[in-house]
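What follows is one structure encoded as structure tokens, with my remarks underneath.
Protein chains: 2
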Amino acid sequence: MGGDSRRLTELSRPESLRLLGGVPVGRIVYTVRALPAIVPVCHLVDNGMVVVRTHVGGECAGSVVAYQADAIDMVDRLGWMVTVTGVARRILDPDEVEYYADRLPPLVSADAIETIRIYPEIVTGARLVNEPDS
Amino acid sequence: MGGDSRRLTELSRPESLRLLGGVPVGRIVYTVRALPAIVPVCHLVDNGMVVVRTHVGGECAGSVVAYQADAIDMVDRLGWMVTVTGVARRILDPDEVEYYADRLPPLVSADAIETIRIYPEIVTGARLVNEPDS
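Protein sequences appear in the order of chains A and B. With the numbering used here, you'll find the first sequence wraps up at 147, consecutive numbering, no jumps. With the numbering used here, you'll find the second sequence wraps up at 147, consecutive numbering, no jumps.
Here's what the structure looks like:
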């Protein structure tokens with residue numbers, strides 16, 4: 014058995030977006046009145062863009078946000094984490110709004126669901142791997 | 014069977030901290046050069062405070078951060094989410110540092126692990142529950 018140590022190995026941008034697209038839920042991270050805010054939402058990765066449908070669109074749209082997902086097994090403490098950073102933009106085209114409404118249920122039902130696209134200017138991903146005992 | 018809708022019911026501060034303390038991993042959310050940043054870490058809830066050991070302490074300490082955990086079952090889309098917002102402070106007392114080093118392995122091994130305490134000035138928690146069909 015190895016020790017408890019884990020290290021991070023960097024993932025490529027395509028692999029990071031592939032992992033992100035393989036899970037249904039992540040967290041949108043933004044700023045409200047200079048305070049950090051974070052809300053879990055459902056997402057799709059479509060043509061290399063992250064799309065979410067959320068009631069916090071009004072607080073995010075037009076700003077640089079982070080979008081994060083991870084899958085970490087707490088028994089062996091292995092897994093991965095991906096963060097996308099970029100500008101969040103409202104999708105306004107009715108056909109696109111309908112397209113995503115059909116494919117992406119909001120995690121929480123609300124009156125003011127908006128469809129938001131995040132342009133992934135920065136993509137960072139890492140995998141937790143066992144570090145050989147030295 | 015009900016519809017797909019989920020709504021949020023607010024959780025009390027004690028219940029939120031109890032749920033947070035019952036899971037080993039969350040995410041620290043902070044700001045680096047005006048950009049949102051988020052990193053998964055292991056945590057303890059001790060005397061109502063959140064304690065983490067992380068290599069991003071230098072970027073967080075002295076700032077208001079958010080600390081978030083959730084447990085959302087993606088099959089039935091039920092679960093909970095908790096966010097603590099408050100100032101992150103380095104723990105410097107050697108006895109306290111050692112106490113937490115014995116109880117809280119860092120998620121990722123690194124040379125510059127710091128012990129950080131987050132004072133929960135704001136605690137928000139919510140549970141995803143089924144919304145009866147109207």
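Virtual Cβ for every residue (Gly too), placed ideally from N, Cα, C. Predicted model only: the values in this text are computed from it and were never measured.
First and last residue of the uninterrupted alpha helix (DSSP H) at A/P118: Going by DSSP, A/P118 is part of no alpha helix (DSSP H) at all; its letter is neither H nor E.
Simplified DSSP assignment, three categories, for B/I41: strand
Straight-line gap, B/A101 to B/Y132 (C-alpha atoms, nearest Å): 7 Å
Interface flag, A/T22 vs chain B, CB-CB below 8 Å: no
Proximity test, Cβ basis, 8 Å: A/Y132 and chain D: Absence of chain D from the displayed structure is noted, the protein chains being A and B.
Start and end residues, alpha helix (DSSP H) containing B/P27: 26–34
Proximity of A/R40 and A/L117 at Cβ, strictly below 8 Å: no
Own chain residues within Cβ distance below 6 Å of B/V64, not counting five before or after: Here the set comprises L57, Y113, R130.
From A/V121, A/M94, A/E28, residue whose alpha carbon lies closest to that of A/D86: A/M94
Residue-chain proximity (B/I126, chain A), Cβ-Cβ < 8 Å: no
Chain B residues whose Cβ lies nearer than 7 Å to that of A/V78: P49
A/D108 in three-state terms, based on DSSP: helix
Partner residues on chain B for A/V42, Cβ-Cβ distance less than 7 Å: V42, P49, I51
Three-state secondary structure assigned by DSSP to B/G61: coil
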